[in-house]
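K.L.:
Right, I'll just put the structure down here and ask away after.
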Amino acid sequence: MNISFESNKDAKCKFGYVGVPWDQGDVNGTPGSRMGPDAIRKFVAKVVNNIRDNKLLDCERWEMLDTSDLLVKDFGNCNDYRFYDWDYSTAYFADEVRKACEAGFNVMVAGGDCGINYVAAKGLHDSFDGNMGVIYMDAHLDVWEGPDLLKQGQYSHSSPLLNIAHLDRVKGDNIVHFGSRGYRSTQATENYAFMTSRNMNIITYAKFRADGVEKTVQNMLDTVTKGTDKVALCIDIDVFEQAIAPGSSANEPCGPDSYEMHELLKRLAPHIDCMCITEVNPIMDKNEQTPRRAGRMYLDYIFNKYAPMK
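Using my numbering, you'd call the opening residue of the sequence shown number 6 and step up by one each time.
Structure representation (structure tokens):
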């Protein structure tokens, strides 16, 4: 099943779905997130493909949206990868994202393991010349380096934010990390040093609970839009409380619930140029709960960027 809503070829607001079925980077987790793009696609298509007469009911706003200036296209899955060549595959994935961005689409990248967050950010980064802001949502820090990087590889699921931070036009001052929680062993001291030395804005889940949605969104936007031209939103599904999204390769307890995450996303959506969701693992899931959750997040992005809340 493909996602397709192209009643207006000249629509001003265009969204493109790019699947990246790759979980080679999930080196110490549970393989299976390569099945994420197809599992998520079904739940996005269920809504988008059934829009009739350019009308969609937003039940939360209790408002009928006119979708006549909206286009949603499925670019399919990036299948020309090489399991034995991570450098080639990563560059290929990022280039597919870049091409969709350059074609004027707000790109929705569906992974794949968490390393695909780097692919999405690099694809957007390479599609324009200015500085880029990044909101990175994850229960984990994802900046492993040193011996850990040598063991797992440059593009593993443990280092995507490290790789993003090394992109030419991404400054630490324009990066937000959201959702960290729990405890890390002494190997995380290097991670802490890297993130603080880059002056990244760290919003732990505890801080979010104290500040609330509106203040957190303003904090995020102040960081990622200062001196930048575009913003990437990278989400590892394990940012959710593990009971909310069980189909993840590396679950963590004590995270945000559905309402909190969706309220954040609806307010961030108008400012996001590329959104990526990774680590949706159907093998670990129950009753398609997690791809359904991810699909709803893409729908929040589409309809709240197209018709921002007042």
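From the three backbone atoms N, C-alpha and C, an ideal C-beta is built for every residue, glycine too.
Small disclaimer: the values here were computed from a predicted structure and weren't measured.
1. Taking Ile169 and Asp79 to be in contact with their CB atoms under 8 Å, please state how far apart those CB atoms are, rounded to whole angstroms.
2. Tell me which residue opens and which closes the beta strand (DSSP E) that Asn82 is part of.
3. Could you check whether Val124 and Val49 sit closer than 8 Å to each other, using their CB atoms as the reference points?
4. What separation, rounded to the nearest whole angstrom, lies between the Cα atoms of Glu11 and Leu76?
5. Would DSSP call Ile8 helix, strand or coil?
6. When you compare only the Cα positions, how much space is there between Ile240 and Arg57?
7. State the Cα-Cα distance for the pair Cys71 and Asn59, rounded to the nearest angstrom.
8. Helix, strand or coil for Leu154 per DSSP?
9. Does the Cβ of Ala237 have 16 or more other Cβ atoms within 10 Å, making it buried, or fewer, making it exposed?
10. Compute the Euclidean distance between the alpha carbons of Glu268 and Ser132, then round it to the nearest angstrom.
11. Can you grab the Cα-Cα spacing for the pair His130 / Arg66, in whole Å?
12. Using 8 Å for Cβ pairs, my map puts Val181 next to Tyr141. What's the rounded Cβ distance?
13. Of all the CB atoms in chain C, is at least one closer than 8 Å to the CB of Ser73?
14. Quick check on this structure: which residue in Met289, Ser38, Gly300 and Met113 has the alpha carbon closest to the alpha carbon of Val23?
15. Please report how far the alpha carbon of Val218 lies from the alpha carbon of Tyr89, in whole angstroms.
16. In chain order, what residues of the same chain have a beta carbon less than 7 Å from the beta carbon of Ser161, not counting five sequence neighbours either side?
17. So Asn122 is in the alpha helix (DSSP H); what residue range does that whole segment cover?
18. Taking Ala250 as the reference, give the member of Lys231, Glu293, Ala215 and Arg272 with the closest Cα.
P.N.:
So, to answer that:
1. Within the sequence shown, the letter at position 164 stands for residue 169. Within the sequence shown, the letter at position 74 stands for residue 79. About 26 Å; that fails the 8 Å criterion.
2. Translated into the one-based positions of the sequence shown, residue 82 becomes position 77. Leu75 to Asn82 is the extent of the beta strand (DSSP E) around Asn82.
3. Sequence index remark: in the sequence shown, residue 49 carries index 44 (1-based). Sequence index remark: in the sequence shown, residue 124 carries index 119 (1-based). Result no, Cβ atoms of Val49 and Val124 do not sit closer than 8 Å.
4. On the sequence shown, residue 11 is found 6 positions in, with the first residue counted as 1. On the sequence shown, residue 76 is found 71 positions in, with the first residue counted as 1. Spanning the two alpha carbons is a distance of roughly 5 Å.
5. Locating residue 8 in the sequence shown gives position 3, where the first residue counts as 1. Coil.
6. For the purposes of this step, residue 240 is identified with residue 235 of the sequence shown, where counting begins at 1. For the purposes of this step, residue 57 is identified with residue 52 of the sequence shown, where counting begins at 1. Taking the straight line from one Cα to the other gives about 30 Å.
7. Counting from one through the sequence shown, the residue named residue 71 turns up at place 66. Counting from one through the sequence shown, the residue named residue 59 turns up at place 54. A small correction: the amino acid at residue 71 is Asp; Cys does not occupy that position in the sequence shown. Their backbone Cα atoms lie some 6 Å apart in a straight line.
8. As a working note, residue 154 is residue 149 in the sequence shown. Helix at Leu154.
9. As a position in the sequence shown, residue 237 is number 232, starting the count at 1. Buried, by the Cβ-count rule.
10. As a first step, residue 268 must be located in the sequence shown, where it is residue number 263. As a first step, residue 132 must be located in the sequence shown, where it is residue number 127. Glu268 and Ser132: Cα-Cα distance of roughly 29 Å.
11. By one-based count along the sequence shown, residue 130 stands at place 125. By one-based count along the sequence shown, residue 66 stands at place 61. Taking the straight line joining both Cα atoms gives about 33 Å.
12. Translated into positions along the sequence shown, residue 181 becomes position 176. Translated into positions along the sequence shown, residue 141 becomes position 136. Confirmed, Cβ separation roughly 7 Å.
13. In the displayed structure, chain C is absent; only one protein chain is listed.
14. Translated into the one-based positions of the sequence shown, residue 23 becomes position 18. The option with the nearest alpha carbon to Val23 is Met113.
15. The sequence position of residue 218 within the sequence shown is 213, counting from 1. The sequence position of residue 89 within the sequence shown is 84, counting from 1. Taking the straight line joining both Cα atoms gives about 43 Å.
16. Counted from its first residue, the sequence shown places residue 161 at position 156. So the qualifying residues of the chain are Gly30, Val32 and Gly120.
17. For the purposes of this step, residue 122 is identified with residue 117 of the sequence shown, where counting begins at 1. Per DSSP, Asn122 belongs to the alpha helix (DSSP H) from Ile121 to His130.
18. Here residue 250 refers to the residue found at position 245 when the sequence shown is read from its first residue. When only C-alpha atoms are compared, the closest one is Glu293.
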